[in-house]
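Visitor:
2 protein chains.
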Amino acid sequence: MAVKFRIAIIDPSQILRAGLETSLSQISGKFQILWSFSSLSHYSSFADEIDPDIIIVNPALFDPSGAETIKSILSNTEDTRIIAFSYTHTSDILIRQFDSVISIYDTPAEIALKIEKTAGSLSSDSDKKYQKQSGHPESYDLSDRELEVLVSVAKGCTNKEIAGIHNISVHTVISHRKNIVRKTGIKSVSGLTVYALLNGLIEQ
Amino acid sequence: MAVKFRIAIIDPSQILRAGLETSLSQISGKFQILWSFSSLSHYSSFADEIDPDIIIVNPALFDPSGAETIKSILSNTEDTRIIAFSYTHTSDILIRQFDSVISIYDTPAEIALKIEKTAGSLSSDSDKKYQKQSGHPESYDLSDRELEVLVSVAKGCTNKEIAGIHNISVHTVISHRKNIVRKTGIKSVSGLTVYALLNGLIEQ
DNA sequence: CGTAAAATCCCCAATTATAGGGATTGTTTA
DNA sequence: TAAACAATCCCTATAATTGGGGATTTTACG
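For the protein sequence lines, the chains are A and B, in the order given.
Each residue of the first sequence is one higher than the last, beginning at 1 in our numbering.
Each residue of the second sequence is one higher than the last, beginning at 1 in our numbering.
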């Protein structure tokens, strides 16, 4: 069974919330954005009725001089991870209270990765299984290096160019590509390009 | 017939672009977001090939101390309206150069209204021509055979397979591919795949 | 009718990619 | 600590593509 992350978003920008929803849903079926609030007060009135795994919230909504911690304001359980969604400058004191920070300038893939990593620290026994073999591999099976190589391939680089970009030998690039093909099951450059596009790794 | 606004977006945040696209398309069928760029330089490399009615651009991308006007940088025709998409503070000098300003905190409905009003001031005769034969925006320079070959390439076929599919020799396939590359200027398989996707020749 | 483009085919040489087979050095983790 | 994985590198050989140069026949259009 696929574990899905139940996510709540709190951000004053409706546009941004829409963008996050669209992007995450396109990237993977693992994300369910179930609740969307424009303000903290709007969220508070529903806080008792919802139970998200992850809250993505704009840190600018919190009073920088406030004594209360973020967690207490959101009155969440220990199991809920809180991620800051930042697009303006926010004080370090605030930021340090979050389990992770995503930026408006992150790519959808980067955001997805951060969410997964943050959620990965959730309760210990129930969350390991969803990698396994599952059928179709998604981007999380690919290592960082493999993702980088995949992106370059999808951008049309030759192995030699990729080697130059990342300062590794062509042999290494080929090795990574072999692993990418093995993991994804996709052999052709065009297929990998579509894969990269669908997973938000590249833009047109 | 409904007039559709052909829109280009230039903003570093992929999330935000996704949000704008989603929101506008949900609000009305009048908006066609046809081009999406993460930076001015990215836009510039396509500026000659596209013809938007409206450019929505993040004003923060422009050098506040620059002497050039926004319009000259975007080198657009008089017919194109330029709208600022702001979510950080931007100098008034810059902002005054735009035909309109939308904010990240505007609702989709507000944004739609602003775009319509701005576009309403467009000159009346210029907007009839761009449909031509509709269908595929840029594919018209490719012959039928070339399109077929392109589709097969984008699907991941080798030249040998393509030859088999269309009952022609590998030499012919190569010739067609040479012509495709010459006409489109796209050399890589991944680039051609994206091209095919954008032109609706293949689906993921 | 002539011309241009499309569609087909061929050759050669060089470059790239794929498919096997390895190896080593780390790090993480059960 | 052993096992698994990531990341790096190497070899051989074959397959595929690219880039340059042709050619012929058919079709479309003014």
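The beta-carbon is built from N, C-alpha and C at its ideal position, and this holds for glycine as well.
Throw me the rounded Cβ distance for the I15 of chain B and L40 of chain B pair, which I believe falls under 8 Å.
Guide: Locating residue 15 of chain B in the second sequence gives position 15, counting from the first residue. Locating residue 40 of chain B in the second sequence gives position 40, counting from the first residue. Actually they do not touch by this definition, with Cβ atoms about 19 Å apart.
Visitor: Could you tell me the distance, in whole angstroms, from the CA atom of L24 of chain A to the CA atom of S13 of chain B?
Guide: Looking up residue 24 of chain A in the first sequence gives position 24. Looking up residue 13 of chain B in the second sequence gives position 13. Approximately 14 Å between the Cα atoms of the pair.
Visitor: Give the DSSP bridge partners of V57 of chain B, in chain order.
Guide: Within the second sequence, numbered from 1, the residue matching residue 57 of chain B stands at position 57. BP columns for V57 of chain B point to B:I10, B:A84.
Visitor: Name the one or two DSSP bridge partners that V101 of chain B has.
Guide: Numbered from its first residue, the second sequence carries residue 101 of chain B at position 101. DSSP lists B:A84 as partners of V101 of chain B.
Visitor: Under 7 Å between C-beta atoms, does I33 of chain B make it to chain A?
Guide: Here the question's residue 33 of chain B lines up with position 33 in the second sequence. Not an interface residue.
Visitor: Are the C-beta atoms of T184 of chain A and some chain B residue less than 7 Å apart?
Guide: By one-based count along the first sequence, residue 184 of chain A stands at place 184. For T184 of chain A, the answer is no, since every Cβ of chain B falls outside 7 Å of its Cβ.
Visitor: Beta-carbon of V250 of chain B versus every beta-carbon of chain A: anything under 7 Å?
Guide: Coverage of chain B is limited to positions 1 through 204, which leaves residue 250 of chain B absent and any answer about it impossible.
Visitor: Report all residues from its chain with a CB closer than 6 Å to the CB of A8 of chain B; omit the five preceding and five following residues, and keep chain order.
Guide: Within the second sequence, residue 8 of chain B is the residue found at index 8, counting from 1. W35, P52, I55.
Visitor: Can you list the residues of chain A that L16 of chain B reaches, using a CB-CB cut of under 7 Å?
Guide: The residue labelled residue 16 of chain B in the question sits at position 16 within the second sequence. Within chain A, the residues near L16 of chain B are I15, L16, G19, I104.
Visitor: Taking Y87 of chain A as the query, report the chain B residues whose CB atoms sit under 7 Å from its CB, ordered along the chain.
Guide: Within the first sequence, residue 87 of chain A is the residue found at index 87, counting from 1. Here the neighbours are Y87.
Visitor: How would you label T158 of chain B, buried or exposed, when you count the other beta carbons within 10 angstroms and need 16 or more for buried?
Guide: Sequence index remark: in the second sequence, residue 158 of chain B carries index 158 (1-based). Under this definition T158 of chain B is an exposed residue.
Visitor: Nearest to L20 of chain B by CA position, among B:K71, B:S100, B:Y105, is which residue?
Guide: Taking the second sequence and counting its residues from 1, the one referred to as residue 20 of chain B is at position 20. Considering only alpha carbons, the answer is B:Y105.
Visitor: Just reading off the alpha helix (DSSP H) that I180 of chain B is part of, what are its end residues?
Guide: Taking the second sequence and counting its residues from 1, one reaches residue 180 of chain B at position 180. First-last of the alpha helix (DSSP H) with I180 of chain B: 170 to 184.
Visitor: Based on Cα-Cα distance, which residue from A:K183, A:I10, A:Q32 lies nearest to I83 of chain A?
Guide: Counting from one through the first sequence, the residue named residue 83 of chain A turns up at place 83. That would be A:I10, whose Cα lies nearest to the Cα of I83 of chain A.
Visitor: Note down the Cα distance separating S44 of chain B from S38 of chain B, rounded to an integer number of angstroms.
Guide: Here residue 44 of chain B refers to the residue found at position 44 of the second sequence. Here residue 38 of chain B refers to the residue found at position 38 of the second sequence. Those two C-alpha atoms are separated by around 11 Å.
Visitor: Can you tell which of A:E110, A:V181, A:D99, A:A163 has the C-alpha that lies nearest to the C-alpha of V173 of chain A?
Guide: In the first sequence, residue 173 of chain A corresponds to position 173, counting from 1. Ranking the options by Cα distance to V173 of chain A, first place goes to A:A163.
Visitor: Under 7 Å, Cβ to Cβ, is there at least one residue of chain B near A154 of chain A?
Guide: For the purposes of this step, residue 154 of chain A is taken as residue 154 along the first sequence, with counting starting at 1. A154 of chain A counts as touching chain B.
Visitor: Which residues share a DSSP beta bridge with I33 of chain B?
Guide: Start at 1 with the first residue of the second sequence, and residue 33 of chain B comes out as number 33. Per DSSP, B:I7.
Visitor: Which residues of chain A have a Cβ atom closer than 9 Å to the Cβ of V173 of chain B, listed in chain order?
Guide: Mapped onto the second sequence, residue 173 of chain B falls at position 173. Simply none; closest approach about 15 Å.
Visitor: Are the beta-carbon atoms belonging to A109 of chain A and G200 of chain A less than 7 Å from one another?
Guide: Start at 1 with the first residue of the first sequence, and residue 109 of chain A comes out as number 109. Start at 1 with the first residue of the first sequence, and residue 200 of chain A comes out as number 200. Yes; because the gap between Cβ atoms is below 7 Å, this pair is in contact.
Visitor: Using the C-alpha atoms, what's the distance from N179 of chain A back to S169 of chain A?
Guide: The sequence position of residue 169 of chain A within the first sequence is 169, counting from 1. The sequence position of residue 179 of chain A within the first sequence is 179, counting from 1. Spanning the two alpha carbons is a distance of roughly 16 Å.
Visitor: Are the C-beta of R6 of chain B and some C-beta of chain A separated by less than 7 Å?
Guide: By one-based count along the second sequence, residue 6 of chain B stands at place 6. Closer than 7 Å: no.
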